[in-house]
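Peer 1: Okay, here's the structure, questions in a sec.
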Amino acid sequence: MNLRERTFELLKAHPDQRFKARQIAEWIHATYRTETLDKIERSSFIDSEAALLNQLVAEIGANRPTWQLKFPSLRTTEGRPRKYYWTDKTEAEEIDEAEEAGNDFAQPSTEQTNEQPRALERDLYPMLIEFVSSEAGASASRINEATASNRRGLGGNKWLYPDIVAIESLTAGMNKEVTGALQHSGERRARLWSFEVKRLLNRSNVREAYFQAVSNSSWASFGYLAAAEIEGADTLREIQMLYGVHGIGLIEIDMESPTESVIRIPARERLSVEWSMCSRLADENRDFATFMKKVRQFYQTGDL
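Counting in the working numbering, the sequence shown runs without a single skipped number right up to 432 at its last residue.
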């Protein structure tokens, strides 16, 4: 059995559709059962269909780097589990399609994939808010660019607004006498978080997306670039390099289970918030002004 041909057959039949290695293995076993059962018969260590599927998954993963070098149309995501897909689009075209408003992605008719429809960027906001609340106990808010004043004209506020902001209490659960004392001590009692969200990151847009996050999130205690899909090892390496200079972290959003999202690169903490930038944001955007009202109320009352 030619594993590469069988794998590519499935991927080419459903271009741009993401498949886990196990889904590919299950499809091969169901479609070419005579060949896979023969593989069991000829093997001295594959003694069951479950073991066969595990072996196919391992072989797909082991051959992936070689296949990708020879066949650029084979793409993979960098999340866990890794997903495989076939596309004739350039990386730039993938980004254009992902960011196009109202865009949706075709799904395969096969039942073996169980693939959920891939979300648009706007669908990721509540997922990230859920994760931030679960992971850090922070109270998060959406910042909608549509609520901005645009007083500075076209391009005047480019890359100014993050997509999501949050406040994390550092005094939650403390004794009331302690929190009361901290109110008057000048000690830091909260951390602010800021997030730029993208549906897809690849080599075509990674630097632009990262510097957008640098521009709109460096004011906060923690600044993050968050994405549902991160395509290619080169993309992750580029982010790691940029992180060394700028400190903006990376979150991979799990669309099926948002609370299982992963902080791939922890943001470097800024010990003091850039309040002058907060003032600029609040002046220009009603949503951010509402968020800062929440921050003020926390510092006054200790409540979120």
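Ideal Cβ placement from N, Cα and C applies to all residues, glycine included.
1. Tell me R203's beta-bridge partners as DSSP assigns them.
2. Could you please give me the residues that DSSP links to Y352 through a beta bridge?
3. Once DSSP output is grouped into helix, strand and coil, what is the label at E169?
4. Does T418 pass the burial test, meaning 16 or more other C-beta atoms within 10 Å, or should it be called exposed?
5. Suppose contacts are defined by Cβ-Cβ distances below 8 Å. Is E366 in contact with R335 by that definition?
6. Assign L139 to one of two classes, buried (16 or more other C-beta atoms within 10 Å of its C-beta) or exposed (fewer than that).
7. With DSSP as the reference, label K304 as helix, strand or coil.
8. So which of R398, A354, S400 has the shortest CA-CA distance to L256?
9. Does the segment 168-178 come into contact with the segment 141-156, if we say contact requires no fewer than three beta-carbon pairs (one atom in each stretch) closer than 8 Å?
10. Less than 8 Å between the beta carbons of G375 and A395, yes or no?
11. On the criterion of 16 or more Cβ atoms from any shown chain inside 10 Å, does N330 qualify as buried, or is it exposed?
12. Do you know how far the Cα of S277 is from the Cα of A410?
13. Excluding five sequence neighbours on each side, which residues of the same chain lie with their C-beta closer than 6 Å to the C-beta of A264?
14. With DSSP run on the structure shown, which of helix, strand or coil describes S237?
15. Per DSSP, K148 is paired with what?
16. Using a Cβ-Cβ cut-off of 6 Å (strictly less than) and excluding sequence neighbours within five positions of R317, which residues of its own chain qualify?
Peer 2: Let me spell this out:
1. Y213
2. F323, G377
3. Helix at E169.
4. exposed
5. yes
6. buried
7. Residue state for K304 is assigned as helix, using DSSP reduced to three classes.
8. A354
9. no
10. yes
11. Under a 10 Å Cβ-count criterion, N330 is classified as buried, with 16 or more other Cβ atoms of the shown protein chains found around its own Cβ.
12. 10 Å
13. E296
14. Unreliable placement is indicated for S237, whose pLDDT of 39 sits below 50; the coordinate value is still reported in the next sentence. Three-state result, S237: coil.
15. K211
16. L298, T299, L310
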